[in-house]
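For the sequence shown, the numbering used here begins at 663 and goes up steadily by one.
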Amino acid sequence: MAYIEPAPITDKANPFESMMSRFQVASQHLGLDDEVYNVLKSPAKQVIVSLPITMDDGALIVFEGYRVIHSNILGPSKGGIRYDPEVNLDEIKALAAWMTWKCAVVDIPYGGAKGGIRCNPYQMSPGEVERLTRAYTTAMIDVFGTDRDIPAPDMGTGPREMAWMMDQYSRAHGTTINAVVTGKPLVLGGSLGRVEATGRGVMVSALSAMEKLRINPYNATCAIQGFGNVGSHAGLLLEERGVKVVAISDLSGAYYNENGVNLKDAMEHRDKNKNQMKGYEGAESLNPEDLLTLPVDVIVPAAKEDVITSQNADKIRARLIVEGANGPTSAEADDIIHSKGIMVVPDILANAGGVTVSYFEWVQNRMGYKWTGERVNRRSDRIMKDSFNKVYDTAVSYNVSMRIAAYIVAIDKVAKTYKYRGGF
Ligand code: NAD
663 MAYIEPAPIT DKANPFESMM SRFQVASQHL GLDDEVYNVL KSPAKQVIVS LPITMDDGAL
723 IVFEGYRVIH SNILGPSKGG IRYDPEVNLD EIKALAAWMT WKCAVVDIPY GGAKGGIRCN
783 PYQMSPGEVE RLTRAYTTAM IDVFGTDRDI PAPDMGTGPR EMAWMMDQYS RAHGTTINAV
843 VTGKPLVLGG SLGRVEATGR GVMVSALSAM EKLRINPYNA TCAIQGFGNV GSHAGLLLEE
903 RGVKVVAISD LSGAYYNENG VNLKDAMEHR DKNKNQMKGY EGAESLNPED LLTLPVDVIV
963 PAAKEDVITS QNADKIRARL IVEGANGPTS AEADDIIHSK GIMVVPDILA NAGGVTVSYF
1023 EWVQNRMGYK WTGERVNRRS DRIMKDSFNK VYDTAVSYNV SMRIAAYIVA IDKVAKTYKY
1083 RGGF
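Below is the structure:
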């Protein structure tokens, strides 16, 4: 059963409850009425499917797949597909709701969804992953749709899986429908700029926040946890704008150079080394647990959820936290950080550059037209900057943290739209 190998669900905070606790606080500030609160607290649709797959050795394994549509009030629902042994319905429900708030914060016309399959893709052959992806797409054929629900990559999936999904969906409809999935390879209608988009949005968020905090990027230092897609691109773009990135980390360890890590060099090492920083000699090694508490100006958690908790929040010395990852800060840590006067650019704002460029991919596919990378970057930078300013002004006028302000902006938009559309 190595294909599924479900890790025990640990005592980690329940992600849905953690999302709900912020939702409740923001709703109280907004004075949201009970009816709308009740509509938004529950997902609109939850689909669970069983996927029997014949493995390469002839064994038949039944995998469980999920798709949760939290809301389609603002438009067709949008959200990634996660392949991971720990995938469970609660996690997918929380991630789907986060997508609703994320799309609303950056004002793009999508609702929120998330999907996943409980599996270990790294222990499966490409053929097994392809059969599983095609089976999942077939099981969700009435759920997905260009104007209904549009998947994208998440942990454990990438352009390869998106290509299979697009192909399977298109076969079932007898015509090529590339706008049904985003995050596709460029030749299938993927967008220029998509690979760097989330890191780029993190960079724009960080610079916007530094301007408010009067931190000069040319005198600023930064530590980045997670040197994957988001962390490495955010780091490179911050470095280009003068910020000195003194520490990076990944699952293999943490690396420190007080003069600044040479990030291009670090990326080359990682890419030649099975995507790992292990053995990197351009920096000293550092205890990974110390990275988030280094005396730097900015920290960028860009790895995973629940890394800033009540255990380490008090020790954080940075003035600014920009959340590249989804859910890196626990709800209990929020209060500690806010009381220390540290600014947090929250996940639903800071990492929304990815879904913004996914939206551009969908727009280009529907137009049958390809934008230049320059146009993609210019438009996404503007959206990220405007969204930052809107959340910042809301934080000032409600006297709340940036996180609660981002929820206020998002919930207000969805709630107002719901009121106009109405229920039964
Ligand atoms: P990735 O798999 O490319 O990179 C993750 C990195 O984090 C890897 O370097 C991994 O080794 C490292 N890592 C994992 N656990 C770690 C730990 N305990 N300590 C230090 N490093 C650790 O993933 P990604 O696409 O960069 O996503 C990172 C985060 O950003 C996730 O939370 C994801 O949900 C979020 N996010 C990604 C996108 C996107 O477009 N890729 C968009 C929005 C949000």
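Ideal Cβ positions, reconstructed from N, Cα and C, are used throughout, including at glycine.
Query: Through-space distance from W1033 to I671, alpha-carbon basis; Result: Residue placement at I671 cannot be trusted, given a pLDDT of 36 that sits under 50; the coordinates are not used to answer.
Query: Where S972 sits in the DSSP three-state scheme; Result: coil
Query: Buried versus exposed call for G986 [16 or more other C-beta atoms within 10 Å across all chains shown]; Result: buried
Query: Pairwise C-alpha distance: E790 and P714; Result: 11 angstroms
Query: Three-way DSSP call (helix, strand, coil) for E726 in this model; Result: strand
Query: Burial state of T795, where buried means 16 or more other Cβ atoms lie within 10 Å; Result: buried
Query: Inter-stretch contact at 8 angstroms, needing at least 3 Cβ pairs: the segment 1009 to 1021 / the segment 765 to 772; Result: yes
Query: Sub-8 angstroms separation of A945 and Y917 beta-carbons; Result: yes
Query: Same chain, Cβ closer than 7 angstroms to P687, five either side skipped, listed in chain order; Result: For the record, residue 687 in the displayed sequence is Val; it is not Pro. Taken in chain order, the residues that qualify are I1066.
Query: Secondary structure of Q708, DSSP reduced to three states; Result: strand
Query: Beta-carbon proximity list for K1075, same chain, < 6 angstroms, skipping 5 on both sides; Result: A766
Query: heavy atom of the ligand NAD below 7 angstroms from N1013 C-beta; Result: yes
Query: Buried or exposed (CB count within 10 angstroms, at least 16 for buried), V1038; Result: buried
Query: Short CB-CB distance (under 8 angstroms) between S867 and chain B; Result: In the structure shown, chain B cannot be found, because there is only a single protein chain.
Query: 7 angstroms Cβ shell around S867 - same chain, five flanking residues per side excluded; Result: V984, V1007, L1011, A1012, M1046 and F1050
Query: Closer than 7 angstroms: T860 CB and nearest the ligand NAD heavy atom; Result: yes
Query: Contacting residues, own chain, Cβ-Cβ under 7 angstroms from A669 (five flanking each side not counted); Result: In this predicted model, A669 has a pLDDT of only 43, less than 50, meaning its place in the structure is not dependable; the value taken from the coordinates is given anyway. The answer, listed in chain order, is P747 and E748.
Query: Buried/exposed call for Q830, threshold 16 Cβ in 10 Å; Result: buried
Query: For R1044, the first and last residue of its enclosing beta strand (DSSP E); Result: Unbroken run through R1044 is the alpha helix (DSSP H), G1035 to Y1060; no beta strand (DSSP E).
Query: Heavy atom of the ligand NAD within 7 angstroms of N891 beta-carbon; Result: yes
Query: Nearest to Q708 (by Cα), restricted to the options E753, E697 and D968; Result: E753
Query: Environment of P815 [buried if 16+ CB atoms lie within 10 Å]; Result: buried
Query: Which of helix, strand or coil DSSP assigns to M663; Result: For M663, the predicted model reports a pLDDT of 45, less than 50, meaning its position is unreliable and no value from the coordinates is stated.
Query: Distance cut-off 7 angstroms: A758 Cβ against heavy atoms of the ligand NAD; Result: no
Query: First and last residue of the uninterrupted alpha helix (DSSP H) at D927; Result: L925 to K934
Query: CB of F725 within 8 angstroms of CB of I803, strictly; Result: no
Query: Residues of its chain near T762, where Cβ-Cβ distance is below 7 angstroms and the 5 sequence neighbours each way are ignored; Result: H732, S733, G773, G774 and V1076
Query: Inter-residue Cα distance where the pair is R903 and R833; Result: 46 angstroms
Query: N-terminal and C-terminal residue of the beta strand (DSSP E) that Y917 is part of; Result: G915 to Y918
Query: Cβ-Cβ distance between G1016 and T808 below 8 angstroms; Result: no
Query: Three-state secondary structure assigned by DSSP to V768; Result: coil
Query: Inter-stretch contact at 8 angstroms, needing at least 3 Cβ pairs: the segment 962 to 976 / the segment 934 to 949; Result: no
Query: Among S911, A1014 and R932, the one whose alpha carbon lies nearest that of L956; Result: S911
Query: heavy atom of the ligand NAD below 7 angstroms from K966 C-beta; Result: yes
Query: Burial state of K1081, where buried means 16 or more other Cβ atoms lie within 10 Å; Result: exposed
Query: Residues near V905 in its chain [Cβ-Cβ closer than 6 angstroms; skip 5 each side]; Result: P879, A882 and C884
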